[in-house]
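K.L.:
In our numbering, the protein residues as written are 4 to 499. C-beta atoms are modelled at their ideal positions from N, C-alpha and C, and glycine is treated no differently. Predicted model, so just to flag it, every value in this text is computed and none were measured.
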Amino acid sequence: MNLGRSGTAHSRSRRLFIVLVVTAGVLALSANSFASVTIARTKVSRDPYKNTSSNHKTEVEPDTFSWGSTIVAVFQTGRFYDGGSSNIGWATSTDNGATWTHGFMPKTTVYANPPGPWDRISDPAIAYDPKHDVWLAEGLTLTGTTGEDVIVNRSTDGGLTWQNPVTAAHNPGSFFDKSWIACDTWTSSPNYGNCYVEWDDAGGGGDVMMVRSTDGGLTWTAATVSGAFGLGGQPLAQPNGAVIVPFLTFGGSIQALVSTDGGKTYTTHSVANVTDHGVAGGLRAVYPLPSAEVDAAGKIYVVWPDCRFRSGCSSNDIVMSTSTNGTNWSSVVRIPIDSTGSGRDHFIPGIGVDRTRSGNSAHLALTYYFYPNANCSESTCQLEVGYVSSTDGGANWTNPVTLAGAMKLTALPDTSLGRMVGDYISTSILGNGNADTVFANAPRGTCVLGDVKACHENMVAPTGGLPVLAGTNSVGRVAIPGIRSDHQTTGLPLPI
Numbered sequence: 004m005n006l007g008r009s010g011t012a013h014s015r016s017r018r019l020f021i022v023l024v025v026t027a028g029v030l031a032l033s034a035n036s037f038a039s040v041t042i043a044r045t046k047v048s049r050d051p052y053k054n055t056s057s058n059h060k061t062e063v064e065p066d067t068f069s070w071g072s073t074i075v076a077v078f079q080t081g082r083f084y085d086g087g088s089s090n091i092g093w094a095t096s097t098d099n100g101a102t103w104t105h106g107f108m109p110k111t112t113v114y115a116n117p118p119g120p121w122d123r124i125s126d127p128a129i130a131y132d133p134k135h136d137v138w139l140a141e142g143l144t145l146t147g148t149t150g151e152d153v154i155v156n157r158s159t160d161g162g163l164t165w166q167n168p169v170t171a172a173h174n175p176g177s178f179f180d181k182s183w184i185a186c187d188t189w190t191s192s193p194n195y196g197n198c199y200v201e202w203d204d205a206g207g208g209g210d211v212m213m214v215r216s217t218d219g220g221l222t223w224t225a226a227t228v229s230g231a232f233g234l235g236g237q238p239l240a241q242p243n244g245a246v247i248v249p250f251l252t253f254g255g256s257i258q259a260l261v262s263t264d265g266g267k268t269y270t271t272h273s274v275a276n277v278t279d280h281g282v283a284g285g286l287r288a289v290y291p292l293p294s295a296e297v298d299a300a301g302k303i304y305v306v307w308p309d310c311r312f313r314s315g316c317s318s319n320d321i322v323m324s325t326s327t328n329g330t331n332w333s334s335v336v337r338i339p340i341d342s343t344g345s346g347r348d349h350f351i352p353g354i355g356v357d358r359t360r361s362g363n364s365a366h367l368a369l370t371y372y373f374y375p376n377a378n379c380s381e382s383t384c385q386l387e388v389g390y391v392s393s394t395d396g397g398a399n400w401t402n403p404v405t406l407a408g409a410m411k412l413t414a415l416p417d418t419s420l421g422r423m424v425g426d427y428i429s430t431s432i433l434g435n436g437n438a439d440t441v442f443a444n445a446p447r448g449t450c451v452l453g454d455v456k457a458c459h460e461n462m463v464a465p466t467g468g469l470p471v472l473a474g475t476n477s478v479g480r481v482a483i484p485g486i487r488s489d490h491q492t493t494g495l496p497l498p499i
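(1) Need the endpoints of the beta strand (DSSP E) that E387 sits in, please.
(2) When the Cα atoms are used, what is the spatial distance from Y199 to N167?
(3) Which same chain residues, not among the five before or five after P242, have their C-beta less than 8 Å away from its C-beta?
(4) Roughly how many whole angstroms lie between the Cα atoms of P484 and R313?
(5) Just tell me which of T170, T146 and G147 has its CA closest to the CA of V155.
(6) With distances taken from CA atoms, which of E141, A457, P175 and S158 is nearest T148?
(7) Report the partner residues of C198 according to the DSSP bridge assignment.
(8) Does DSSP put G7 in a helix, in a strand, or in coil?
(9) What separation, rounded to the nearest whole angstrom, lies between the Cα atoms of E460 and D264?
(10) Can you give me the C-alpha to C-alpha distance between C310 and I74, rounded to a whole angstrom?
(11) I think T430 touches L369, with their Cβ atoms under 8 Å apart; what is that distance to the nearest whole Å?
(12) Work out the CA separation of D85 and D417 for me, nearest whole Å.
(13) Rounded to whole angstroms, what's the CA-CA distance from P352 to T222? Just pull it up for me.
(14) Taking the beta strand (DSSP E) that N331 belongs to, which residues open and close that run?
(15) What's the C-alpha gap between L469 and A438?
(16) Please work out which residues of its chain come closer than 7 Å, Cβ to Cβ, to K53, disregarding the five sequence neighbours upstream and downstream, and give them in chain order.
(17) Evaluate I499 with the Cβ neighbour count: other Cβ atoms within 10 Å of its Cβ, from every protein chain shown; 16 or more gives buried, anything less gives exposed.
(18) Rounded to whole angstroms, what is the Cα-Cα separation between C186 and G230?
(19) Figure out for me which residue from I129, N90 and D126 has the closest Cα to the Cα of Y114.
(20) Assign P120 to one of two classes, buried (16 or more other C-beta atoms within 10 Å of its C-beta) or exposed (fewer than that).
(21) Does the pairing of the stretch 315 to 330 with the stretch 280 to 297 give three or more beta-carbon distances under 8 Å?
(22) To which residues does DSSP link P308 through a beta bridge?
(23) Please check the pair F179 and P127, which I expect to be a contact at CB under 8 Å, by giving their CB distance rounded to whole angstroms.
(24) Use the C-beta contact count for S345: other C-beta atoms within 10 angstroms, 16 or more gives buried, fewer gives exposed.
(25) Measure the CB-CB distance between A288 and T394 and report whether it falls below 8 Å.
(26) Which of the three DSSP states, helix, strand or coil, is assigned to A414?
(27) Beta carbon of A245, beta carbon of S262: below 8 Å?
(28) For Q491, does the count of other Cβ atoms within 10 angstroms reach 16, so buried, or fall short, so exposed?
(29) Less than 8 Å between the C-beta atoms of W103 and G162, yes or no?
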């Protein structure tokens, strides 16, 4: 595989200055109390593809990572109904989210420029390796509708151009799903500069698999079978070099892999059971996948949607558990976005943690999707994007701010698991202390497969990021006894 800069011509980008000024509601703890704030948003990318087998114009499932004043986002562009997309898009800001440059990965799918060998690509994630000064964008490629490879595009100029991909994992005839990437960014770590890719192999019964690189993503080890089974793992490196990988099991719980030898071997530990409400309206949010980050002392924060604090499992909160070592985990607490009687449903969370702070002064930021009314249908559900933050390690949180909405579900691309904004979202803390996120926004239209003018779902970011503020809303600690999930995910298609 050519590791040179031949992808640069494709990666010529254009700087977007499309700023949308919107009025967003600040949802107080009182269900009917609203205040107004003004949020400036920048459209950071749009789908350029026209193949009739995909939904266009659609962009879904973003991940972000920040380092200093640079933040890079990757996302699916041109979503297929039955898995994957036409290509992976990227958007990069080098000025703390004020302005953005964007483009699309080279040599990935047959639709890329220059074209690659794969039919589709899915599950993008982004990482930065400061030891080798390289950005790594990971994607799971599909042959037909089957994932058999995990590839990595590298950028050595700050995320502004991207090289042709390196194959990190390959297993013909298998069924890869839900890949992720992270690097050890800690100079104190004995494994500083190691990068880790995780995925699950449904062809092997859902084995959680790991590979690692020690040379900036140029080469990757043979796959390590972790001995665990599940999906949606998110590897994290601690300052002591340990690797922690929270993931969702097929049995309805969150577990964590732990490696203390630089990713060579792993043990499995329980985090918590998941009790979740089935999201209404046919939205693709059926798997309560975790989102995880780490602070300066190595404390791991894991969040996911859960209904254990709401009577009758009537809707989801975003809940959190923490650990300093990946083996022992705190009791689950409720992030107090609104009251448990609000009737709102919260899901698809993305947690961001400041890597320069820890303990009682740790700064946390959370982006999530929500319905103002959990009891809705495809024709009545209103999908919105919310944001809260904490400056005391997650003990207290701000009132929520609405970043986007309300979106009609029919404006989103349809998939085998429902209308889609993504199986995950992400939040990153910038070098100036603000948080930023990139999310799918579909303000209008009725999305129809094959109609390149029907959909209007683009990647959007709050211009210049969002402040991370101190809050006064304390976490909830007392769950309702006997609450059970009101739906099941067994027998559903995998979220590729």
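P.N.:
On the basis of the coordinates in this document:
(1) Q385 to S393
(2) 19 Å
(3) W189, S191, S192, A299, A300 and G301
(4) 10 Å
(5) T170
(6) P175
(7) C186 and S216
(8) With a pLDDT of 33 at G7, under the threshold of 50, the predicted position of this residue should be treated as unreliable, though the coordinate-derived value follows. Reduced to three states, the DSSP call for G7 is coil.
(9) 43 Å
(10) 33 Å
(11) 6 Å
(12) 9 Å
(13) 32 Å
(14) That residue, N331, is in no beta strand (DSSP E); it is neither H nor E in DSSP.
(15) 5 Å
(16) H59 and V455
(17) buried
(18) 22 Å
(19) N90
(20) exposed
(21) yes
(22) I321
(23) Incorrect: roughly 14 Å between the Cβ atoms, too far for contact.
(24) buried
(25) no
(26) helix
(27) yes
(28) exposed
(29) no
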